[in-house]
Every structure is written in C-alpha cells, then in structure tokens.
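**Student:**
In the numbering used here, the protein residues as written are -3 to 527.
Here it is, written out as structure tokens:
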C-alpha cells in the first residue's frame, strides 16, 4: 500500500514544489521527493499558462495528471522533471544535500517526506550562500516549505480518487544592485507560494479540479508588496464520444507601493467547450474564451485537435487566442533587478495564437516533438533600461512572436540519456525591430551515461544567441556557450557523492545588462538518504 501511495502522491508533490532553476540567479527551492541513486541534471521548464485539458493523448479520456499538465502548449516547453524518477527502484523518506565550491559556500537542503495511509506530509528547509566574484555580487537565500496531500480510499467508489492538498513555501533572498551607480544598494526579496485544493480526475463520467493559490512577493527594504490570489476551476462531464467542459480563472491582486496602499485589481477568464472523439484517431475541442480585467476585455474562439497518423506519430494543433494577467510580482520573480514599485500589472492579449506540433514517441525510450507557435499582441512586454541605475522597467510593443522548436528525449537506453531542446525565436515590432532580451536561438542539452561501477557522468550545455538591450537595436549582449560537467558516484544506497564544474569554459555570461554571472565554479558535495 505504501508503494502505491508513493506513486499516487509523486505528481502532486512535484507539481507544487518550486524547483525552477532559472537562468537568472533567482532562489532555487529543493525537490520534495528523494528517490533512487541518480540525480540527472535536467532543468524543469516553467509551466505555460493558461492551462487546459488537451486532446493530445488518451489522457483526454482517462486523465492521469492535473489538467494543466496535459496542455498542448506544454509540448513547446515540456516539464522536464528530474529524470531519475523514471529509473528509481528505491525510495527514501529523507535527504540531506550539501555542496560547496569556489563561490558556493555552502548550499544545503534538508527534505523529509512522511507517507501515511492514503496521504503524505512533506517538509523542507535549506539555504545557500554565493560569495562575491566581483565587488558586491554576493548573495544568499534561505527557504522552507511544507505540504499535505490526502487521497480518499479506493474502497469507497463514490468518492475514490478524490485528492485534497494544501501547503506552501517561503523564500527570502538578499543581493545587491552591483551594476548600478551605487552597487552597495541591497535588496531583500521575499517570495511565498501557498495553495489548497481538491481534485478528482479518475471519475468515469465527471472529473474536476479546484485550487486556490496565493503568490506573495515583496521587497522588505522598500515599499513594495504584490499579493496575488489565483483561483482556478475545471470540470468535465464525459459521455461515450463527447464531453462538456468548463475552465475558469479568477485572480485578485493586492498591490502596495509608495503611492498605493493595498490597491485591488481583478482578472477573470472562462472557457466553456465541448470535446469530441471522431472515430478512434481524431479528437477535438471547440469552445469560446472570455477574459476581462477592469474595463479591458478579450474574447475569442478556441479549437484544438489531435490526429493519430500512425501508432507512434501524432499531429496536434490549437487555435487559442487568450489573455494573461501579469503582475509586478511575476516580473520581479523573473528579473531580480526589476523596478517593481513602478508597475502594477498588464492585461496581456495574445491574438491569433496558434500552435501546431508533430510528436513521435517510441515507448518510454525516446520522443521527438517539433512545432511552431505564433501570436500577435498590441502590448507584448519586454524589459528595458530604467531611469533608476541598475534596474529594469517593463515596456510594451505592438509586436508578434514566432517560435519554432524541437525537443528530443532519449531516456534510459544502452547509450545513456540525452535531452535536448532547441528554439528559434522571431520577436519583432511593426518596425522590424527585435524586442530586447529575446534571443534568436536558444538551446539546452544534457547527456548522461551511467557506468557499471556506479558512476554517472553528465555533460550540460546551454546556448543563448546575442540579445539586444534596447528597442533601437543599437546595443546588445554577446551570445554565450555555457558548458558544465557533473559526476555522481553511489558509494552505497544511502550515500551519493557529487563533483561538478559550472561554466567550464569560463565565459562572460550576461542575462541582464551589466550583471555578469559567476565565472568557472567547481563544486563538491554529497546526498545522504535516510528514513
């Protein structure tokens, strides 16, 4: 029963852990699940909103994951979970991970999961310190989190499969605006994520998912707070060959700066739709999306399809213009140096949005996705230089984006593991100017091979082409090639030692103008697993 419970609980724990290792040096939260002997360094990609139930796979009829995990848009930026989960045959309740290096002194994480009948409690705590590699570039962070999930027993068919969950995590980080005229200016950024919800995705005729999130973002050394309540609802009534569904999203922002005190802003969207299964090879959804914020509205048709071309080949398409509600806190989480007190929110319309994907999958061993996305917007946001030295503002442009992408995954084969994502972006305004900080090419590659002696070796590559830093396209950041090596050796089932090279070629890497990333770093550490 315990093993079954662990398998049921893993998706929920992974979904609500905040383990995005972003390109800019934001705080990283730890995994809440400790499994197996390998720690593959695949980065988990950020989820793309809004979520919707997809017609991609058989999960449309018998979904096994949360609705937003099944979205077509996810194919263009897949959730790259720690791939060791697929290989693991063992499970440990607790883990202590410690790393130290030239500039990392130290990085420590303590996780513990307590499974009980039909549920699991998890908790974590940790922190990291990065010493300065140029004047005032040091930073540190501490974090902690806890959560509970409980699934009703399978013996009660009337409510079986219903899961209740709640939890949260909190991170505080300290860093300086070291590229400003006054590089000693400190920032204390506080980020909290709290959630509760209920879902049942195993019903034969009716499935639902209700959740409430609270995203708290603040700068404690200046007057800025962004508290976003985000409630989402999903319901689907299914019949033999069609279904009737509804997705809703209500967001309430409470915003405080020097001139506003707890000002409130609202966003609401709803999408009623019908789903159809035509023969056994074609599935489709058709609906209408309503969105508004204040006196701003955006309504449009929605349609998607999945066509099975062969046993392993599927063609997917979606036409889904929609609007997003992007708050100041979301931008600050993306860019540590954002001038958050000078911006409240953006009603971001994506007109003529479409996404078409060709997906090839062979068992669990390898998968290839190739596709093209496109949309237009009269208010496409981008970061620009601020009048405040060392900070960034958000500007908008009447622009359009094309994104051609290929994702490759070869997993657990005799030749090791290979993951690669390759993107081409064309993001230009009506005058043909490229928007700042959007690369033309972007690639992420990880190759790992496990030797019989218990050693796992990995090569990690990140590439970003040059990006302009102003809308006039007169200043730009150089492209960079970031190479890393990682070695993981299993001493025994409960002890893993690690050795890692970061920025092995010692390149000058900039994600934001003036803010240089750390040079070559060599780290050593261990993972200790316990019950």
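For every residue, glycine included, the Cβ atom is placed at its ideal position computed from N, Cα and C.
Going by Cα to Cα distance, which pick from 215, 282, 277 and 283 is closest to residue 252?
**Tutor:** Position 256 of the chain shown holds residue 252. Checked all of 215, 282, 277 and 283; the closest Cα to residue 252 is 215.
**Student:** I'd like to know whether the C-beta atoms of residue 103 and residue 141 end up nearer to each other than 8 Å.
**Tutor:** If you number the chain shown from 1, residue 103 lands on position 107. If you number the chain shown from 1, residue 141 lands on position 145. Cβ atoms of residue 103 and residue 141: not closer than 8 Å.
**Student:** Here's a check: name, in chain order, each residue in its chain whose Cβ is nearer than 8 Å to the Cβ of residue 371, leaving out the five neighbours to either side.
**Tutor:** What you label residue 371 is simply residue 375 of the chain shown in a count that begins at 1. If we look at residue 371 and ignore the five residues flanking it on each side, its Cβ neighbours are 317, 346, 347, 348, 349, 350, 396 and 397.
**Student:** Out of 366, 322 and 518, point me to the one whose CA is closest to residue 375's CA.
**Tutor:** Taking the chain shown and counting its residues from 1, one reaches residue 375 at position 379. When each option's Cα is compared against that of residue 375, the closest is 322.
**Student:** Is it true that the stretch 401 to 413 meets the stretch 196 to 210, where meeting means three or more beta-carbon pairs spaced less than 8 Å apart?
**Tutor:** As far as the Cβ criterion goes, the stretch 401 to 413 does not touch the stretch 196 to 210, which means the pair count is below three.
**Student:** Determine the contact status of residue 433 and residue 175, defining contact as a CB-CB distance below 8 Å.
**Tutor:** Residue mapping note: residue 433 aligns to position 437 of the chain shown, counting from 1. Residue mapping note: residue 175 aligns to position 179 of the chain shown, counting from 1. Result no, Cβ atoms of residue 433 and residue 175 do not sit closer than 8 Å.
**Student:** When burial is assigned at 16 or more other CB atoms within 10 Å of the CB, is residue 187 buried or exposed?
**Tutor:** For this step, residue 187 is matched to residue 191 along the chain shown. With 16 or more Cβ atoms within 10 Å of its Cβ, residue 187 is classed as buried.
**Student:** Whose CA, out of 285, 212, 117 and 168, lies closest to the CA of residue 250?
**Tutor:** Position 254 of the chain shown, counting from 1, holds the residue named residue 250. The residue with the shortest Cα to Cα distance from residue 250 is 212.
**Student:** Do residue 287 and residue 293 have their C-beta atoms within less than 8 Å of each other?
**Tutor:** Walking along the chain shown from the start, residue 287 turns up at place 291. Walking along the chain shown from the start, residue 293 turns up at place 297. In this structure, residue 293 lies closer than 8 Å to residue 287 by Cβ.
**Student:** Using C-beta distances below 7 Å, list every residue in its chain close to residue 99, excluding the 5 sequence neighbours before and after it, in chain order.
**Tutor:** Here residue 99 refers to the residue found at position 103 when the chain shown is read from its first residue. Closer than 7 Å at Cβ, skipping near neighbours: 126, 127, 129, 514 and 517.
**Student:** Go through its chain and collect everything with a Cβ distance to residue 471's Cβ below 8 Å, but skip five positions before and after it.
**Tutor:** Counted from its first residue, the chain shown places residue 471 at position 475. So the list reads 464, 465 and 509, once near-sequence residues are dropped.
**Student:** Would you kindly work out how many angstroms separate the C-alpha atoms of residue 401 and residue 431, rounded to a whole number?
**Tutor:** Along the chain shown, read from residue 1 onward, the residue named residue 401 stands at position 405. Along the chain shown, read from residue 1 onward, the residue named residue 431 stands at position 435. Each residue's alpha carbon lies about 19 Å from the other.
**Student:** Rank 256, 222 and 113 by C-alpha distance to the C-alpha of residue 189 and give the top, closest one.
**Tutor:** In the chain shown, residue 189 corresponds to position 193, counting from 1. The residue with the shortest Cα to Cα distance from residue 189 is 222.
**Student:** Residue 441 bridges to which residues according to DSSP?
**Tutor:** Mapped onto the chain shown, residue 441 falls at position 445. The partner list for residue 441 (beta bridge, DSSP) reads 416 and 457.
**Student:** Tell me which same chain residues have a C-beta within less than 6 Å of the C-beta of residue 368, skipping the five on either side of it?
**Tutor:** Taking the chain shown and counting its residues from 1, the one referred to as residue 368 is at position 372. 352 and 400.
**Student:** Among residues of its own chain, excluding the 5 on either side of residue 171, which ones have a beta-carbon nearer than 7 Å to its beta-carbon?
**Tutor:** As a first step, residue 171 must be located in the chain shown, where it is residue number 175. The residues are 135, 183 and 332.
**Student:** Per DSSP, which residues does residue 314 bridge with? Please list them.
**Tutor:** Translated into positions along the chain shown, residue 314 becomes position 318. Bridge partners of residue 314: 300 and 351.
**Student:** In its own chain, which residues sit with a C-beta less than 6 Å from the C-beta of residue 229, not counting the 5 before and 5 after it?
**Tutor:** Here residue 229 refers to the residue found at position 233 when the chain shown is read from its first residue. For residue 229, where only same-chain residues beyond five positions count, the Cβ hits under 6 Å are 206 and 244.
**Student:** By the three-class DSSP mapping on this structure, what secondary structure does residue 328 have?
**Tutor:** Locating residue 328 in the chain shown gives position 332, where the first residue counts as 1. Helix at residue 328.
**Student:** Whose CA, out of 218, 257, 264 and 200, lies closest to the CA of residue 235?
**Tutor:** What you label residue 235 is simply residue 239 of the chain shown in a count that begins at 1. Of 218, 257, 264 and 200, the residue nearest in Cα terms is 200.
**Student:** Please list, in chain order, all residues of the same chain as residue 425 whose beta carbon is under 7 Å from its beta carbon, the five residues on each side excluded.
**Tutor:** Looking up residue 425 in the chain shown gives position 429. So the list reads 393, 394, 395 and 431, once near-sequence residues are dropped.
**Student:** Can you give me the C-alpha to C-alpha distance between residue 385 and residue 473, rounded to a whole angstrom?
**Tutor:** For the purposes of this step, residue 385 is taken as residue 389 along the chain shown, with counting starting at 1. For the purposes of this step, residue 473 is taken as residue 477 along the chain shown, with counting starting at 1. Those two C-alpha atoms are separated by around 18 Å.
**Student:** Helix, strand or coil, according to DSSP, for residue 338 in the structure here?
**Tutor:** To locate residue 338, count along the chain shown from 1; it is residue 342. It is helical.
**Student:** On a Cα-Cα basis, can you pick out the residue from 469, 497, 177 and 475 that is closest to residue 437?
**Tutor:** Counting from one through the chain shown, the residue named residue 437 turns up at place 441. With distances taken between Cα atoms, residue 437 lies closest to 475.
**Student:** Starting from the C-beta of residue 361, find all residues in its chain whose C-beta is less than 8 Å away, skip the five residues before and the five after it, and write them out in chain order.
**Tutor:** Here residue 361 refers to the residue found at position 365 of the chain shown. Closer than 8 Å at the Cβ level, and outside the excluded window around residue 361, lie 406, 407, 408 and 409.
**Student:** Helix, strand or coil, according to DSSP, for residue 77 in the structure here?
**Tutor:** Within the chain shown, residue 77 is the residue found at index 81, counting from 1. Confidence at residue 77 is low in this model, with a pLDDT of 36, below 50, so its placement is unreliable and no value can be given for it.
**Student:** How about residue 220 and residue 272: do their beta carbons lie closer than 8 Å?
**Tutor:** Residue mapping note: residue 220 aligns to position 224 of the chain shown, counting from 1. Residue mapping note: residue 272 aligns to position 276 of the chain shown, counting from 1. Not a contact, by the Cβ cut-off of 8 Å.
**Student:** Given that a residue counts as buried once 16 or more other Cβ atoms are within 10 Å of its Cβ, and exposed if not, what is residue 491?
**Tutor:** Working through the chain shown from its first residue, we reach residue 491 at position 495. With fewer than 16 other Cβ atoms within 10 Å, it is exposed.
**Student:** What would DSSP say about residue 268, mapped onto helix, strand or coil?
**Tutor:** Taking the first residue of the chain shown as 1, we reach residue 268 at position 272. In this structure, residue 268 counts as strand in the three-state DSSP scheme.
**Student:** Out of curiosity, what's the CA-to-CA distance linking residue 83 and residue 340?
**Tutor:** Along the chain shown, one-based indexing puts residue 83 at 87. Along the chain shown, one-based indexing puts residue 340 at 344. Model confidence at residue 83 stands at a pLDDT of 37, short of 50, so the residue's coordinates are unreliable and nothing is read from them.
**Student:** Relative to the alpha-carbon of residue 522, which residue among 88, 89 and 93 has its alpha-carbon at the smallest distance?
**Tutor:** Translated into the one-based positions of the chain shown, residue 522 becomes position 526. Out of 88, 89 and 93, 93 has the C-alpha closest to the C-alpha of residue 522.
**Student:** Which residues share a DSSP beta bridge with residue 379?
**Tutor:** Here the question's residue 379 lines up with position 383 in the chain shown. Partner(s): 390.
**Student:** Measure the alpha-carbon distance for residue 218 versus residue 226 and round it to whole angstroms.
**Tutor:** Counted from its first residue, the chain shown places residue 218 at position 222. Counted from its first residue, the chain shown places residue 226 at position 230. Cα to Cα, the separation comes out at about 25 Å.
**Student:** The beta strand (DSSP E) that contains residue 247, what's its start and end?
**Tutor:** Indexing the chain shown from 1 puts residue 247 at position 251. From DSSP, the beta strand (DSSP E) with residue 247 extends over 238 to 252.
**Student:** Return the residue from the list 329, 308 and 343 that minimises the CA-CA distance to residue 364.
**Tutor:** Here the question's residue 364 lines up with position 368 in the chain shown. Of 329, 308 and 343, the residue nearest in Cα terms is 308.
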